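In the numbering used here, the protein residues as written are 11 to 347. We put the beta carbon where it would ideally sit given N, CA and C, even for glycine. Model, not experiment: these values are computed from the prediction.
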């Protein structure tokens with residue numbers, strides 16, 4: 011911006027000097043000037059000064075606009091949340107935002123002035139990606155591995171776009187890197203968690219439900235579908251309490267398992283789709299991910315209907331025996347005589 015001011019001050023000085031020369035020449039040619047000549051000279055000088063002031067004002071406005079665009083571009087460049095590089099036509103890093111410096115500063119190769127492909131495990135793949143960006147104008151989400159100072163590889167996604175050149179010279183590239191390590195770890199953790207959930211659902215023969223923290227059914231095993239005579243689609247997103255004879259009691263046990271962090275056991279009654287009542291022992295326990303965040307509640311439904319029926323029959327038989335309403339069993343010894 012300072013150089014622009016110097017140029018325009020030089021132009022103003024040259025214009026004033028030219029106006030002075032014209033005025034001096036007219037004084038030499040016509041020593042005795044009339045009022046008309048002096049008026050013409052004044053108008054010429056006024057026009058010259060006006061033009062000079064206009065040029066200077068325009069130059070200052072243009073300089074301010076350029077400075078504002080530069081500041082805006084710099085703020086955007088530095089505030090970009092992912093690693094961002096300005097790479098020259100020969101592949102050298104010209105500029106890098108703070109996120110890029112954090113991502114690559116741990117490497118053994120200095121960042122600014124270095125060839126960008128030296129920071130990657132497969133330099134040929136990065137060079138090929140940059141060549142494609144120059145040929146096509148842009149590329150998106152090329153998988154690559156960033157090499158750290160300790161030699162460990164970090165998965166990244168590389169995108170690049172050509173930066174237009176105002177003077178028609180070699181074009182630079184704007185390169186951004188998205189660190190994929192955290193995403194990959196999250197995907198692997200989610201996959202491992204899904205496998206573990208499936209294993210817990212199918213581990214036993216009892217019906218097992220998995221609900222969200224809000225009580226919505228998200229998954230179940232085959233024994234649950236058989237007990238209720240429904241498909242998984244018929245159970246998913248339904249509130250688990252609607253399956254119980256006493257929904258309020260079921261919701262209380264669900265909340266206790268969610269808040270206490272311990273397994274809750276309680277005797278409950280279920281209603282199957284055909285209207286039959288099933289006596290079960292409900293065991294509710296929270297399920298947490300690798301970060302310790304509660305993601306759902308496991309509900310184990312152990313059917314004790316037949317056990318209770320057999321127990322009731324035994325109790326009734328013993329009561330009748332005690333009252334003498336049933337014949338005593340024959341004496342086997344006497345019957346053999």
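Three-way DSSP call (helix, strand, coil) for residue i in this model
| i | result |
| --- | --- |
| residue 244 | helix |
| residue 78 | Below a pLDDT of 50, predicted positions are generally treated as unreliable, and residue 78, at 47, falls in that range; the measurement from the model is reported next regardless. Looking at residue 78 - three-state DSSP - the assignment turns out to be helix. |
| residue 231 | coil |
| residue 212 | helix |
| residue 181 | coil |
| residue 122 | coil |
| residue 255 | coil |
| residue 223 | coil |
| residue 310 | strand |
| residue 282 | coil |
| residue 303 | coil |
| residue 263 | helix |
| residue 98 | coil |
| residue 111 | helix |
| residue 268 | helix |
| residue 142 | helix |
| residue 129 | helix |
| residue 273 | coil |
| residue 327 | helix |
| residue 332 | helix |
Buried versus exposed call for residue i [16 or more other C-beta atoms within 10 Å across all chains shown]
| i | result |
| --- | --- |
| residue 129 | buried |
| residue 285 | exposed |
| residue 263 | buried |
| residue 200 | exposed |
| residue 347 | Below a pLDDT of 50, predicted positions are generally treated as unreliable, and residue 347, at 44, falls in that range; the measurement from the model is reported next regardless. Answer is exposed; the Cβ neighbour count stays below 16. |
| residue 131 | exposed |
| residue 206 | exposed |
| residue 106 | buried |
| residue 209 | exposed |
| residue 252 | exposed |
| residue 64 | exposed |
| residue 114 | buried |
| residue 271 | exposed |
| residue 348 | Given that the chain is displayed from residue 11 to residue 347, the structure contains no residue 348 and the question cannot be resolved. |
| residue 328 | exposed |
| residue 330 | exposed |
Whether residue i touches residue j by CB criterion (8 Å)
| i | j | result |
| --- | --- | --- |
| residue 289 | residue 318 | yes |
| residue 278 | residue 259 | yes |
| residue 110 | residue 122 | no |
| residue 124 | residue 103 | yes |
| residue 149 | residue 155 | no |
| residue 231 | residue 211 | yes |
| residue 292 | residue 316 | no |
| residue 250 | residue 221 | yes |
| residue 163 | residue 139 | no |
| residue 304 | residue 223 | yes |
| residue 228 | residue 243 | no |
| residue 185 | residue 168 | yes |
| residue 88 | residue 120 | no |
Nearest to residue i (by Cα), restricted to the options the options
| i | options | result |
| --- | --- | --- |
| residue 153 | 261, 256, 133 | 133 |
| residue 100 | 112, 141, 213, 91 | 141 |
| residue 282 | 314, 304, 240 | 240 |
| residue 112 | 184, 188, 330, 233 | 188 |
| residue 97 | 163, 136, 238, 261 | 136 |
| residue 236 | 184, 172, 255, 313 | 313 |
| residue 213 | 233, 221, 223, 322 | 233 |
| residue 257 | 225, 57, 165 | 225 |
| residue 172 | 202, 321, 67, 145 | 145 |
| residue 166 | 326, 92, 86, 67 | 92 |
8 Å Cβ cutoff, residue i in contact with chain B
| i | result |
| --- | --- |
| residue 168 | Absent from the structure: chain B. Only one protein chain is present. |
Sufficient close CB pairs (3 or more, under 8 Å) joining the stretch 216-229 to the stretch 307-314: Judged by Cβ distances under 8 Å, the stretch 216-229 makes contact with the stretch 307-314, as three or more pairs qualify.
Would you say the stretch 293-307 touches the stretch 255-270, given that touching needs at least three Cβ pairs under 8 Å? Segments in contact, yes.
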